[in-house]
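Colleague: This structure is in structure tokens; I'll ask about it shortly.
Chains as they are written, first to last, in my numbering: chain A, 1 to 271; chain B, 272 to 542; chain C, 543 to 813; chain D, 814 to 1084.
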């Protein structure tokens, strides 16, 4: 390519992929607004009454957004430093999914019969993940989660074990005549109970079942309450201890001096 | 104005806007009591049975409180250092709203037909915000919230993203025949589930739906349980480490030295 | 009184009110067991089926426990250092309430018509508070709660304000035709929602109502999730910082030395 | 036994009971996979529709797993250092329970009439506990829980006391005509409310009942919210204090000195 084209590529890259320049930041803000607007269109289109009244308008707007996102995707592919890397990255795939449904519906009209229009709406909703590229905090969050993933997995597997055993226990005690028709159903109920959600679509009817349910509820709520209480108690004790492990300067009677200080903070006398 | 009027204005200001004098504090306490009483009247007036039996009494009391608050508002306007600033501030607007409904109902009788009496009750309930002027702790709370507002917004937007995607997933899996009629409805259900509220007005009926619901419930509850567990584990580890590995220097009596130290941190003596 | 009586009084005091001797501790354990057994009798007596079958037995056992607790109460009154102080203290009143219902039913048979037998069961259930005398940890808990009472009251009043305003808002939006018949009812619903309990006996039917409900659910759950997240983030940052603000001894290359140390912990060299 | 047998026993022990060698770790991984697969069979077998269609296959797989676990149990018994200790330990009993149901059903066919097949499924589900042998973190968790058991018991007993008293109060206020038929039922409702689960199978109908319920909901949710808020406030205060009031000594460059200090803590120089 000629020098001018390279320069165009670089300028586009700075505009699209970075937010160092004012233009880059404006591009980002505009894109965020467009993503949010397109999501509103998808959400609103799913409501029967609104969809019937405004079908043409929503259809037109959807094509408009698809066109905009297609141009954006093409631009990204064009000026990316490494096209393959972008195209296969998380954001690259999301950007592709963002425009795919509308084209699929266009080029494969018989697809409507195979894939429910609801699925196409779901794929369009995935556009929301494009937003995560614009927030540093999300990568912080992702890193924090990744760092703790072992602890989270161990905790989760322990909860699943408890929920499986308690659920099966309820399956034995209550039985199919009270709605606990199988172990998976009973485990689903156990999860609604231990996570304190409590839908109420399935509830224990026998006295022993209610007793076991009470135990599970106390376990699920206690897992939140007990550590919180322990941490608060520790904090109180530390504050009190700090208030108590302090010495007084022999010269100027100042207190609040730590035992480890060498010189009095107020009069300079050697401690 | 004459010197006596200025003095009256100042004395009123000290009484109404500050709580430095005993009279100022008594004024505050009296006003708090009046606000609470007027709220009770509004609340009680909304209960059909009570409203029918005691209509005249409640009506009279409401006019009494409106009169009192009108005098208070006029007094504040009169002795405020900067009238415009007070009238447009949060507390100034609340004080105006506190007396407005009754006057609106009086001067614009046809308003009854346009604005539901329930709306007028709501505006009267806003008087409760007058109370926040009297508690320092509320401004602490407001400052703390304000300081963390970026973190809160990021967290909230992340939760909204998850709830939108999972909700739409349930909309696809369960569909209108099971109550999930549109993406907004499904997202509302997703919020009731992830916040562990679990009304039960809408519940998954398909097995895949119950599986997705289980995941969401574990996510919502886990967001509370996992950090609490991690924090408690950290605290235990720190306490145990501190308790098990501290020695005292034989020479200078410094404690808080780790068992593994070879030399005292303060005097350099060999341990 | 003679010397022997004084000695008996002292010996009874040591037995009943203190737990320094082995006999005193045995007395305590026995009393705890009796209290728990008497509670079981009251609880079991409230179940229709069991009460009908075993009425005589339960009646007899109730009289037995009342007799035992009467003897205990009389003994406490006899050997207490300050009778008036004991009789008017929390524990003194609980001990009196523990025996009162049965005597009331005996001496005032017409009372049955006035006070529901359920109320008498409730007063008997208050015996459970006798247990709190035996656990030091409960007084720790009570002290901790008492120390934080100002913060708790401020927080509680703030929650009540929010719940009142949001509840009234729902009362306006949903209205009596959807179950929100008055402000108290709407506030009750707001509490079930913000505390994430979510009974489901009352649920929003309008779209705006569901939107407001979603906000409230996120507020109620977020009040638990946001601080927990902030605390966990702080802890991670502190751990990372501690790992980063450490100097190395120039002589022996040991790290993990705090910046404030004067002498290297490993080789004794001056830092 | 001959030397070769001892050597075989040792080699088996290293394979089965330890995970120091690659073979030992492979054995562990294989066994975990087999345990999980066998659990899936039990879970799937409980679903009516699937059980009817695939009965023979599931029956055969169940026998296969029982055979594998029998061989494993026999091997463990053979090469254990102390057979009695293993056979009576938690893991030994779990391993026995894992294979027992199928043999019971085989040797005692009339057992089917006495013990519900659901109970046999429950005993098979206990195999999940075999997994805990393979995760170090579970023993950490068990130790942590064991260390805090006194605090947990005190907290739990306090919650049970509150739940019993509040539940009985609701039993008095609402009564059998609204579903609160006995103290145990009312206590079960109190637990669903205080743990914020809120099934909704039982709800207060009277105004006083709704008021008491509101108090309980605020208590249950507040037990999570108040300590979390206090801890976060403490952390903020510490951070702010630290950030706002630290100066550096001009002489010896020590930081972490408070603004209000007059003399440096380390070198005695005047600030």
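Every residue gets a Cβ at the ideal spot worked out from N, C-alpha and C, and that includes glycine.
Could you give the DSSP three-state label for residue 54/A: helix, strand or coil?
Modeller: Reduced to three states, the DSSP call for residue 54/A is coil.
Colleague: Can you pull the chain D residues whose beta carbon is under 7 Å from the beta carbon of residue 225/A, in chain order?
Modeller: Neighbours of residue 225/A on chain D, chain order: 1036, 1037.
Colleague: Between residue 874/C and the rest of its own chain, which residues show a CB-CB distance below 6 Å, the 5 nearest in sequence each way excluded?
Modeller: It is not possible to answer for residue 874/C, since the shown part of chain C is limited to 543 through 813.
Colleague: Please report whether the beta-carbon of residue 200/A lies at a distance below 7 Å from any beta-carbon of chain C.
Modeller: Interface residue, yes.
Colleague: Going straight from the alpha carbon of residue 305/B to that of residue 153/A, what length do you get?
Modeller: Taking the straight line from one Cα to the other gives about 55 Å.
Colleague: When burial is assigned at 16 or more other CB atoms within 10 Å of the CB, is residue 824/D buried or exposed?
Modeller: Per the 10 Å Cβ criterion, exposed.
Colleague: Cutting at 7 Å between CB atoms, please list the residues of its own chain near residue 841/D, excluding the five before and the five after it.
Modeller: Contacts found: 832, 947.
Colleague: The alpha helix (DSSP H) that contains residue 90/A, what's its start and end?
Modeller: Element bounds for residue 90/A: 90-107.
Colleague: Determine the direct distance from the alpha carbon of residue 416/B to that of residue 326/B, and round the result to whole angstroms.
Modeller: Cα to Cα, the separation comes out at about 42 Å.
Colleague: Give me the Cα-Cα distance between residue 826/D and residue 837/D, rounded to the nearest whole angstrom.
Modeller: Rounded to the nearest angstrom, the two C-alpha atoms are 9 Å apart.
Colleague: Quick one: using the 10 Å Cβ neighbour count with 16 as the cut-off for buried, is residue 53/A buried or exposed?
Modeller: So residue 53/A counts as exposed.
Colleague: Any contact between the stretch 308-324 of chain B and the stretch 719-727 of chain C? By contact I mean 3 or more CB pairs, one from each, below 8 Å.
Modeller: Contact between the stretch 308-324 of chain B and the stretch 719-727 of chain C is present, because at least three Cβ pairs lie under 8 Å.
Colleague: Have a look at residue 714/C and residue 390/B and give me their C-alpha separation to the nearest angstrom.
Modeller: Computed Cα separation, rounded: 6 Å.
Colleague: How about residue 931/D: is its C-beta nearer than 7 Å to some C-beta of chain A?
Modeller: Chain A, which has a Cβ nearer than 7 Å to the Cβ of residue 931/D, makes this yes.
Colleague: Counting only Cβ pairs nearer than 9 Å, list the residues of chain D close to residue 830/C.
Modeller: No answer is possible for residue 830/C: it lies beyond the span of chain C, which begins at 543 and ends at 813.
Colleague: Below 8 Å, can you find three or more Cβ-Cβ pairs linking the stretch 194-208 of chain A to the stretch 465-484 of chain B?
Modeller: These segments touch.
Colleague: Quick check: is the beta carbon of residue 137/A nearer than 7 Å to any beta carbon in chain B?
Modeller: Chain B contact via Cβ: present.
Colleague: Find the nearest neighbour of residue 487/C within the set 628/C, 605/C, 758/C, judged by alpha-carbon distance.
Modeller: Since the first residue shown for chain C is 543 and the last is 813, residue 487/C is missing from the structure and cannot be characterised.
Colleague: Does residue 761/C get closer than 7 Å to chain B when you measure Cβ to Cβ?
Modeller: Residue 761/C does not count as touching chain B.
Colleague: Do residue 431/B and residue 767/C have their C-beta atoms closer together than 7 Å?
Modeller: Not in contact: residue 431/B and residue 767/C (Cβ atoms no closer than 7 Å).
Colleague: Expressed to the nearest angstrom, what Euclidean distance is found between the alpha-carbon atoms of residue 543/C and residue 550/C?
Modeller: Below a pLDDT of 50, predicted positions are generally treated as unreliable, and residue 543/C, at 46, falls in that range; the measurement from the model is reported next regardless. Cα-Cα distance, rounded: 11 Å.
Colleague: Whole angstroms are fine: how far does the CA of residue 365/B sit from the CA of residue 209/A?
Modeller: If you take the alpha carbons of residue 209/A and residue 365/B, they lie about 52 Å apart.
Colleague: Compare the C-alpha of residue 418/B against each of 581/C, 579/C, 772/C, 591/C and name the closest.
Modeller: It is 772/C.
Colleague: Relative to the C-alpha of residue 90/A, which residue among 36/A, 165/A, 128/A is closest?
Modeller: Considering only alpha carbons, the answer is 128/A.
Colleague: Please report the straight-line C-alpha distance between residue 168/A and residue 681/C, rounded to a whole angstrom.
Modeller: Answer to the nearest angstrom: the Cα atoms are 40 Å apart.
Colleague: What would DSSP say about residue 472/B, mapped onto helix, strand or coil?
Modeller: Of the three classes helix, strand and coil, the one that applies to residue 472/B here is coil, per DSSP.
Colleague: For the alpha helix (DSSP H) holding residue 449/B, just list the boundary residues, first then last.
Modeller: From DSSP, residue 449/B is part of no alpha helix (DSSP H); its letter is neither H nor E.
Colleague: Indicate whether residue 228/A and residue 1045/D have their beta-carbon atoms separated by less than 7 Å.
Modeller: Their beta carbons are not under 7 Å apart, which means residue 228/A does not touch residue 1045/D by this criterion.
Colleague: For a cutoff of 7 Å on Cβ pairs, would you count residue 947/D as touching chain A?
Modeller: It does not; no Cβ of chain A falls within 7 Å.
Colleague: Hey, residue 477/B and residue 445/B: beta-carbon distance below 7 Å or not?
Modeller: Result yes, Cβ atoms of residue 477/B and residue 445/B sit closer than 7 Å.
Colleague: DSSP three-state call for residue 677/C: helix, strand or coil?
Modeller: In this structure, residue 677/C counts as coil in the three-state DSSP scheme.
Colleague: May I have the straight-line CA-CA distance separating residue 1007/D from residue 162/A, to the nearest angstrom?
Modeller: C-alpha separation (whole angstroms): 21 Å.
Colleague: Using a C-beta to C-beta distance shorter than 9 Å, which residues of chain C count as neighbours of residue 972/D?
Modeller: Chain C residues near residue 972/D: none, gap ~11 Å exceeds 9 Å.
Colleague: Taking the beta carbon of residue 963/D as the centre, do at least 16 other beta carbons fall within 10 Å, making it buried, or is it exposed?
Modeller: So residue 963/D counts as exposed.
Colleague: Verify whether the separation of the beta carbon atoms of residue 357/B and residue 351/B is less than 7 Å.
Modeller: Result yes, Cβ atoms of residue 357/B and residue 351/B sit closer than 7 Å.
Colleague: Using a C-beta cutoff of 7 Å, does residue 46/A count as contacting chain B?
Modeller: Yes - at least one Cβ of chain B is within 7 Å of the one on residue 46/A.
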